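Inspection log for the structure reproduced underneath, given as structure tokens.
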Amino acid sequence: MSATTPATADLGKGSPGEIAGRFVRRNSWTLALWGLLGLMLVFTLTIQPGWGAPQLTILAIAALPYAFAAAAQTMAVLVGGIDLSVAAMMTLTSVCAAVLMQGQSEEFGIIAVGLILLMGLGLGAINGLSIVLTRVPDIVVTLAFFFIWEGAALLVLDAPGGSSAVWLRDLIIGPVGGFILPAELGAWIPKALLLLAVSLGVVWIPLRRSRLGLSIYAVGSDRLAAFRSGVPVDRTKVAAYALTGLFAAMGGLVLTMNTGIGTPIQGPYLLASVAAVVLGGVSLAGGKGGLVGPIVAVFILRLARQDLTLMSIDPNVAQVVEGLIMVAVVLVGAVVALRSRRS
Amino acid sequence: MVKTYGAVRALRGASLSIRRGEVHALLGANGAGKSTLVKILTGAVKPDAGEIVVRGQSRTVHSPAEARQAGLVPVYQEPALIPDLDVASNLRLTGTPAKAFMGWVSQLGVQELDQYAMVRDLPLAVLRVLDLARALAFEPDILLLDEMTAALPADLAERVLEVIGSQRETGRSVIFISHRLLEVGALCDRATVLRDGETVGVVEMAAGAEERIVELMLGESTDDEADVHKRVVSIGGTAMSAGGAAPAGGAAPAGGAVATERRPRLDLRDLSSGTRLKSVTFDLYPGEVLGLVALEGQGQDELFDILSGAARPSGGTVHVDGKESHFRHPADAIAAGLVYVPGDRAEALLMQRSVRENIALPTSARWRRWGPIGMAAEKLKVDAAIQKLQIDTRAQGEVRRLSGGNQQKVTIARWIAEGVQTLLCFDPTRGIDIRTKRQIYHLLRELAESGAAVLLYTSELEEVQLACDRAVVIFNGRVVAEMPAEDADEPALMRAAYGLPAMDSKAEAVLGLAGRGQTA
Amino acid sequence: MSSATDVMDETAARRGIDPRTIFRDRPIIPLIALLLGLVAVVELLQPGIVSERWISNIIRFAIPLAILAAAQTLTMLTGGIDLSVGIVATMTAFVMATQTPHLGTGLAIVVALGVAALAGLGSGIGVGIFRVHPLIMTLAVGLVVEGLLLVYQRLMLGTRSEIPELITWLGADRSFGIIPNSLLVFVPLAVVIWFLLKRTGFGRLLYAIGDNEGATRLAGVRYWQVIISLYILSAVLAGIGGLLYVGLIKASSLSLAVPLVLPSVAAAVIGGTSIFGGRGGYGGTIVGALVLQVLATLLLVLQVPEGTRRIVFGLIILGVTAAYTRITEER
Chain P
0 MSATTPATAD
10 LGKGSPGEIA
20 GRFVRRNSWT
30 LALWGLLGLM
40 LVFTLTIQPG
50 WGAPQLTILA
60 IAALPYAFAA
70 AAQTMAVLVG
80 GIDLSVAAMM
90 TLTSVCAAVL
100 MQGQSEEFGI
110 IAVGLILLMG
120 LGLGAINGLS
130 IVLTRVPDIV
140 VTLAFFFIWE
150 GAALLVLDAP
160 GGSSAVWLRD
170 LIIGPVGGFI
180 LPAELGAWIP
190 KALLLLAVSL
200 GVVWIPLRRS
210 RLGLSIYAVG
220 SDRLAAFRSG
230 VPVDRTKVAA
240 YALTGLFAAM
250 GGLVLTMNTG
260 IGTPIQGPYL
270 LASVAAVVLG
280 GVSLAGGKGG
290 LVGPIVAVFI
300 LRLARQDLTL
310 MSIDPNVAQV
320 VEGLIMVAVV
330 LVGAVVALRS
340 RRS
Chain H
0 MVKTYGAVRA
10 LRGASLSIRR
20 GEVHALLGAN
30 GAGKSTLVKI
40 LTGAVKPDAG
50 EIVVRGQSRT
60 VHSPAEARQA
70 GLVPVYQEPA
80 LIPDLDVASN
90 LRLTGTPAKA
100 FMGWVSQLGV
110 QELDQYAMVR
120 DLPLAVLRVL
130 DLARALAFEP
140 DILLLDEMTA
150 ALPADLAERV
160 LEVIGSQRET
170 GRSVIFISHR
180 LLEVGALCDR
190 ATVLRDGETV
200 GVVEMAAGAE
210 ERIVELMLGE
220 STDDEADVHK
230 RVVSIGGTAM
240 SAGGAAPAGG
250 AAPAGGAVAT
260 ERRPRLDLRD
270 LSSGTRLKSV
280 TFDLYPGEVL
290 GLVALEGQGQ
300 DELFDILSGA
310 ARPSGGTVHV
320 DGKESHFRHP
330 ADAIAAGLVY
340 VPGDRAEALL
350 MQRSVRENIA
360 LPTSARWRRW
370 GPIGMAAEKL
380 KVDAAIQKLQ
390 IDTRAQGEVR
400 RLSGGNQQKV
410 TIARWIAEGV
420 QTLLCFDPTR
430 GIDIRTKRQI
440 YHLLRELAES
450 GAAVLLYTSE
460 LEEVQLACDR
470 AVVIFNGRVV
480 AEMPAEDADE
490 PALMRAAYGL
500 PAMDSKAEAV
510 LGLAGRGQTA
Chain X
0 MSSATDVMDE
10 TAARRGIDPR
20 TIFRDRPIIP
30 LIALLLGLVA
40 VVELLQPGIV
50 SERWISNIIR
60 FAIPLAILAA
70 AQTLTMLTGG
80 IDLSVGIVAT
90 MTAFVMATQT
100 PHLGTGLAIV
110 VALGVAALAG
120 LGSGIGVGIF
130 RVHPLIMTLA
140 VGLVVEGLLL
150 VYQRLMLGTR
160 SEIPELITWL
170 GADRSFGIIP
180 NSLLVFVPLA
190 VVIWFLLKRT
200 GFGRLLYAIG
210 DNEGATRLAG
220 VRYWQVIISL
230 YILSAVLAGI
240 GGLLYVGLIK
250 ASSLSLAVPL
260 VLPSVAAAVI
270 GGTSIFGGRG
280 GYGGTIVGAL
290 VLQVLATLLL
300 VLQVPEGTRR
310 IVFGLIILGV
320 TAAYTRITEE
330 R
């Protein structure tokens, strides 16, 4: 799950050097983000020499819902839309998961996870279908669903409640440890990170190589050219929004795993997802970028927050700084989108 | 193999039939219905009536995918490749056989194609060739090429034409749409000519066929022509007495003669922009209506964008009244006295607002004028403009309820209300009724006589003699001809616009121009 | 197209009264009918509830909402939206309450509205110059304002805050037993907004930009000038709404007016202002705010949970915009 652009047909791959050069060219933005993340880790270590595996685990757990929100938003933005109901879908699926699992056996948790993921696909498909059928712009339709899913979450649970299967909660707590890897290395890999990589990879890697994945890029990049290339534009759009719903449902499950309950109030994930998508090199104009960039961006933004706390800055001031960073990112993203539209 | 059509909005009874293994040209002036026909053939638009028959079988073509199944593969003017995917992914998206594609690419003369290059980073000429190669790789029965050689450098164009010609041998048919008659003559077997949405003739390509094609595009014979003009006069006559007799040739010499002595209002030198507008130089004088003639996509859109302040040129200069000007926003152009009436009325109008608000719009544009509106004074000004243009005000609550002609008048009235120095009109009479056209010609003459400078781009060639003093013809991003209105009859303009070399009548026109130059 | 068919087209457009055109052109008429219908339903469900005092109460609570919805109406006319009105209103009220002991009532109000204007300037720059979608921009500005407000609250922990008598008198009190004093602010404000939209160049430009931004550009309008002014105005209106609301509630908290954001959008949409811009007016919005207030009472009487209320609002926005898209596409 590293290439920024979808894989290609076998038409002569070229020498290993060429392949590497191409990879660097195509992923320059993502590589720069990795570099930035590295620099921030160095900075973190200088202000807090004791920073180590436990802090990394905390960071990974904190970043998890943001990462899924960013992944969800990425799908909608790639197809040329935007989904304002991402955070609301996370809330709704989270409370549904908590209510489903309350008082049920541990094994039922597996069924519940399956049901919630299906529900996410369904919620997203409803968003997509409403956009395609009403022909109202994406941003307005998903604004309406922002309220609808939020209201539905309040109907499911009017106050924080429900519970989560214990094994699910254990899934994200602590490092991988000496499970397969040597213990020293395992201590440095948080379970949350592994969960993130596996859940996103299972969907993204096959998608990226599939016809559907190409179609999503095609519709987002140039609707008319996509139509003329024989891509079913409307169906592709609905599918992309369904995937947005799927990732949002994963985010919802993570919220429940993290807290052990469901909370019917939206977290700050909507704007954060847009900021991560923009910082992650996905063009708001659609069709450009990948999934890795936004995820790295999430870790950069979360680490920045952790650093502000480490520097014992008032959490309220930290929120302002975080907000300003997001505003700056969105402004830059808008300018880039404007440029690319003009050229 | 037969294809037949019935009536479609822009098409009324156009038909096209293509034999197996022939290269068949589809020709017609701007707005003759070519693009609509192409859209139907490729499944972008559903016809109201008529049918498509391939190998004796009636086919429905409601989507590009169905068109391909029917054996019909188009290559559009804008390449249908996804800009943010690489070449190989584009092939996978459309299920193109890669080997065949690569074979065609090298045959078409593009060497060393990087499969993994982003489409966005490739030059337009290469993209068009790739699009063609992709179409050929599908092994279509019928290949539809829209202006295939436009934007291609000469060597590539030659290879492309060669490959197209060689399709005959494999029994494939090609529909070839082009504005370049020379190319058509050299390549095609037959040509179907459309005019006003109808098929007016099918010509076997042979010596002298080009003349015949130009004739067909213009309208069959002189009898026909006279008939049309009679109709114009009678409608104009009954509808409005004063404006009916538009000043045609009579006013032209006077305007032309005066023009050379005065300082130009607008002086363009080597103006260029992007790939389309290469180098345009001409002057526009106060007191004249200058006609600008060009086929679609010869750079006129870019030219008007620059003059109206919507885009900046990549080279060359614009002088207004002798002062060099750089417009960064339409407001700058307006401040310099250049006002623009775009070709698409929908671009300029507030469709849901009233006639009055539409006409008064430029008044509030500057922030100093954001305050309370003097309603009485505004009404006077708007009413005067409405009066002058004879706008039908029965449905003035919402501009979108007006007829096309009245809408067009509103876009002009907006600037008349403020007082005009330089008016830039982009095909202002397209798709409107003949009476309104007459009124617009009359208005343009009137403005010129009161000292304004008018630049009129027109896709209807007879308008040059009806409304203009002088004509400039642009082909391939350059000015190829300049002539006084009385010489600018339709055949002369048509030849120049198609980039044909000087023929007999053209040579005369050039001589005539030179002679006039000496006397002036 | 000949001149004869032109004339026929136009007469056809004028002939006959299509119910759809009433909804599009005069939404206020069916809207008032809806309002009266809702009042009747409330009275039916709980006989005797509708009284002079009840009506006066509805108006008192509808006014802050109607002012926030004015901000929404103005921005929506340009095809925008202002989701920061809730937090900006809250901030204005909070700043006013905490500054009153230091600066006195008058100056505190001015300072608070000035801070609101700064927030509007931020949104305006983002939307007008950087061309960020208004929804995202105002959401982001809202986030920053919220953070700043939290910081400010910590700085102000030690100091006393008070809601001046003038504000509670205006926001909550009534004259002659039934006439809400907030009408003293609201009526002139509504007249000014009406005048702004109908009789000034600025108002014309708001409609024009929402109708066809490209056309305004061709006519020489500089988009950013209008948009920045608009978002500043929108934030100041939100501030005024917040001041009246805090007078009504009589307690300034950090989530004071936040729950009013969604109803403010809904009020404008119900009132016939198109979320795509170019169409609408303030009259409809005022009735829309009243409808929502009565609807809230009705849902309260029916003991409908908060969740359903939000779903209803969401469906209203989706339904109205979808219907509007359909109507405009058919023509």
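Residue numbers (numbering that gives the first Met the number 0), protein chains in the order written: chain P, 0 to 342; chain H, 0 to 519; chain X, 0 to 330.
All residues carry an ideal CB built from backbone N, CA and C; glycine is no exception.
The structure presented is a predicted model; accordingly, all values stated were derived computationally and were not measured.
(request) Could you tell me which residues DSSP pairs with residue 57 of chain H in its beta bridges? (result) Looking up residue 57 of chain H in the second sequence gives position 58. Paired residues: H:52.
(request) Helix, strand or coil for residue 175 of chain X, going by three-state DSSP, please let me know. (result) On the third sequence, position 176 is the one that residue 175 of chain X refers to. Three-state DSSP puts residue 175 of chain X in coil, outside helix and strand.
(request) Give, in chain order, every residue of the stretch 157-183 of chain P whose Cβ lies closer than 7 Å to some Cβ of chain X. (result) 157
(request) Give the secondary structure of residue 155 of chain X by DSSP, where H, G and I count as helix, E and B as strand, and everything else as coil. (result) Within the third sequence, numbered from 1, the residue matching residue 155 of chain X stands at position 156. Three-state result, residue 155 of chain X: coil.
(request) Just the chain H side, please: which residues come within less than 8 Å of residue 216 of chain P by C-beta, in chain order? (result) For the purposes of this step, residue 216 of chain P is taken as the residue at position 217 of the first sequence. Those within 8 Å of residue 216 of chain P in chain H are 81, 83, 84, 88.
(message) Looking at the strands, I want to know which residues DSSP matches up with residue 473 of chain H.
(response) Within the second sequence, residue 473 of chain H is the residue found at index 474, counting from 1. Answer is H:478.
(message) Just verifying my parser: in three-state terms, what is the DSSP assignment at residue 230 of chain X?
(response) Here residue 230 of chain X is taken as the residue at index 231 of the third sequence, counted from 1. In this structure, residue 230 of chain X counts as helix in the three-state DSSP scheme.
(message) Among H:313, H:309, H:363, whose alpha-carbon lies nearest the alpha-carbon of residue 339 of chain H?
(response) Residue 339 of chain H sits at position 340 when you count from the first residue of the second sequence. For the residues H:313, H:309, H:363, the minimum Cα distance to residue 339 of chain H belongs to H:309.
(request) Please check the pair residue 69 of chain X and residue 272 of chain X, which I expect to be a contact at CB under 8 Å, by giving their CB distance rounded to whole angstroms. (result) Looking up residue 69 of chain X in the third sequence gives position 70. Looking up residue 272 of chain X in the third sequence gives position 273. No, residue 69 of chain X and residue 272 of chain X are not in contact; Cβ-Cβ is about 10 Å, not under 8 Å.
(request) Could you tell me whether the Cβ atoms of residue 149 of chain P and residue 87 of chain P are closer together than 8 Å? (result) Here residue 149 of chain P refers to the residue found at position 150 when the first sequence is read from its first residue. Here residue 87 of chain P refers to the residue found at position 88 when the first sequence is read from its first residue. Yes. Within cutoff.
(message) Which same chain residues end up closer than 6 Å to residue 74 of chain P when comparing Cβ atoms and leaving out the 5 residues on each side of it in sequence?
(response) By 1-based counting over the first sequence, the position of residue 74 of chain P is 75. Cβ neighbours of residue 74 of chain P beyond the five flanking positions: 239, 242, 243.
(message) For chain X, check one thing: does any of its Cβ atoms lie closer than 8 Å to the Cβ of residue 356 of chain H?
(response) In the second sequence, residue 356 of chain H corresponds to position 357, counting from 1. With 8 Å as the cut-off, residue 356 of chain H counts as an interface residue toward chain X.
(message) Comparing C-alpha positions only, which one of X:39, X:162, X:223 sits nearest to residue 100 of chain X?
(response) Within the third sequence, residue 100 of chain X is the residue found at index 101, counting from 1. Checked all of X:39, X:162, X:223; the closest Cα to residue 100 of chain X is X:162.
(request) Let me know if residue 254 of chain X comes out buried or exposed under the rule of 16 or more other beta-carbons within 10 Å of its beta-carbon. (result) If you number the third sequence from 1, residue 254 of chain X lands on position 255. Counting Cβ neighbours within 10 Å, residue 254 of chain X comes out exposed, since fewer than 16 surround it.
(message) Please state whether the Cβ-Cβ distance between residue 89 of chain P and residue 251 of chain P is less than 8 Å.
(response) On the first sequence, position 90 is the one that residue 89 of chain P refers to. On the first sequence, position 252 is the one that residue 251 of chain P refers to. Yes, the pair counts as a contact, with Cβ atoms nearer than the cut-off.
(message) Are the CB atoms of residue 58 of chain H and residue 69 of chain H within a distance shorter than 8 Å?
(response) Sequence index remark: in the second sequence, residue 69 of chain H carries index 70 (1-based). Sequence index remark: in the second sequence, residue 58 of chain H carries index 59 (1-based). Yes.
(request) Return yes when the Cβ of residue 384 of chain H is within less than 8 Å of the Cβ of residue 412 of chain H, no when it is not. (result) Within the second sequence, residue 412 of chain H is the residue found at index 413, counting from 1. Within the second sequence, residue 384 of chain H is the residue found at index 385, counting from 1. Yes.
(request) Find the residues of chain X that neighbour residue 313 of chain P, judging by a C-beta separation of less than 8 Å, and give them in chain order. (result) Against the first sequence, residue 313 of chain P aligns to sequence position 314. Result: 150, 153.
(message) Pop quiz: residue 523 of chain H and residue 80 of chain H are said to be a contact at Cβ under 8 Å. What is the actual Cβ separation, rounded to whole angstroms?
(response) The structure shown has nothing for residue 523 of chain H, since chain H only spans 0 to 519.
(message) Output needed for residue 382 of chain H: all residues of its chain with C-beta closer than 8 Å, excluding positions within five of it in sequence on either side, in chain order.
(response) Within the second sequence, residue 382 of chain H is the residue found at index 383, counting from 1. None.
(message) Along the chain, where does the alpha helix (DSSP H) containing residue 548 of chain H start, and where does it finish?
(response) Summary: the structure shown does not reach residue 548 of chain H, with chain H confined to residues 0 through 519, and so no result is reported for it.
(message) According to DSSP, simplified to helix, strand and coil, what is residue 258 of chain X?
(response) Taking the third sequence and counting its residues from 1, one reaches residue 258 of chain X at position 259. Reduced to three states, the DSSP call for residue 258 of chain X is helix.
(request) Could you tell me the boundaries of the beta strand (DSSP E) in which residue 208 of chain X lies? (result) If you number the third sequence from 1, residue 208 of chain X lands on position 209. From DSSP, residue 208 of chain X is part of no beta strand (DSSP E) but of the alpha helix (DSSP H) over 200-210.
(request) Count the other C-beta atoms from every protein chain shown that fall within 10 angstroms of the C-beta of residue 233 of chain H, then say buried if there are 16 or more, exposed otherwise. (result) Along the second sequence, read from residue 1 onward, the residue named residue 233 of chain H stands at position 234. Because the pLDDT at residue 233 of chain H is just 29, under 50, the model does not fix this residue reliably, and the value given afterwards should be weighed accordingly. When all chains shown are included, residue 233 of chain H counts as exposed.
(request) Compute the Euclidean distance between the alpha carbons of residue 118 of chain P and residue 99 of chain P, then round it to the nearest angstrom. (result) One-based indexing of the first sequence puts residue 118 of chain P at position 119. One-based indexing of the first sequence puts residue 99 of chain P at position 100. Looking at the two C-alpha atoms, the distance is approximately 12 Å.
(message) Based on DSSP bridge pairs, tell me the residues matched to residue 174 of chain P.
(response) The residue given as residue 174 of chain P occupies position 175 in the first sequence. The partner list for residue 174 of chain P (beta bridge, DSSP) reads P:189.
(request) Find the residues of chain H that neighbour residue 278 of chain X, judging by a C-beta separation of less than 8 Å, and give them in chain order. (result) By 1-based counting over the third sequence, the position of residue 278 of chain X is 279. Correct list: 351.
(message) Using 8 Å for Cβ pairs, my map puts residue 293 of chain H next to residue 194 of chain H. What's the rounded Cβ distance?
(response) The sequence position of residue 293 of chain H within the second sequence is 294, counting from 1. The sequence position of residue 194 of chain H within the second sequence is 195, counting from 1. Wrong, their Cβ atoms sit about 19 Å apart, outside the cutoff.
(message) Can you check whether the C-beta of residue 239 of chain H is within less than 8 Å of a C-beta belonging to chain X?
(response) As a working mapping, residue 239 of chain H is identified with position 240 in the second sequence. Unreliable placement is indicated for residue 239 of chain H, whose pLDDT of 32 sits below 50; no coordinate value is reported for it.
(message) Would residue 191 of chain P and residue 284 of chain P qualify as a contact pair, given that the criterion is a beta-carbon distance under 8 Å?
(response) By 1-based counting over the first sequence, the position of residue 191 of chain P is 192. By 1-based counting over the first sequence, the position of residue 284 of chain P is 285. No, the Cβ-Cβ distance between residue 191 of chain P and residue 284 of chain P is not below 8 Å.
(request) Identify which residue in H:39, H:159, H:343, H:84 has its Cα closest to the Cα of residue 103 of chain H. (result) For the purposes of this step, residue 103 of chain H is identified with residue 104 of the second sequence, where counting begins at 1. Considering only alpha carbons, the answer is H:159.
(request) Just the C-alpha distance for residue 467 of chain H and residue 282 of chain H, rounded to the nearest angstrom, thanks. (result) Position 468 of the second sequence holds residue 467 of chain H. Position 283 of the second sequence holds residue 282 of chain H. Taking the straight line from one Cα to the other gives about 14 Å.
(request) Spatial neighbours of residue 188 of chain H within its chain, please: CB distance less than 7 Å, with the 5 preceding and 5 following residues excluded, ordered by chain position. (result) The count along the second sequence starts at 1 and reaches residue 188 of chain H at position 189. Result list for residue 188 of chain H: 21, 22, 23, 204, in chain order.
(request) Just the C-alpha distance for residue 394 of chain H and residue 279 of chain X, rounded to the nearest angstrom, thanks. (result) Within the second sequence, the letter at position 395 stands for residue 394 of chain H. Within the third sequence, the letter at position 280 stands for residue 279 of chain X. Answer to the nearest angstrom: the Cα atoms are 19 Å apart.
(request) Tell me whether residue 169 of chain H sits in a helix, a strand or coil according to DSSP, three-state version. (result) Residue numbering aside, residue 169 of chain H sits at position 170 when the second sequence is read from its first letter. Of the three classes helix, strand and coil, the one that applies to residue 169 of chain H here is helix, per DSSP.
(request) In the DSSP assignment, find the alpha helix (DSSP H) that holds residue 467 of chain H and state where it starts and stops. (result) The residue given as residue 467 of chain H occupies position 468 in the second sequence. Where residue 467 of chain H is concerned, there is no enclosing alpha helix (DSSP H), given that its DSSP letter is neither H nor E.
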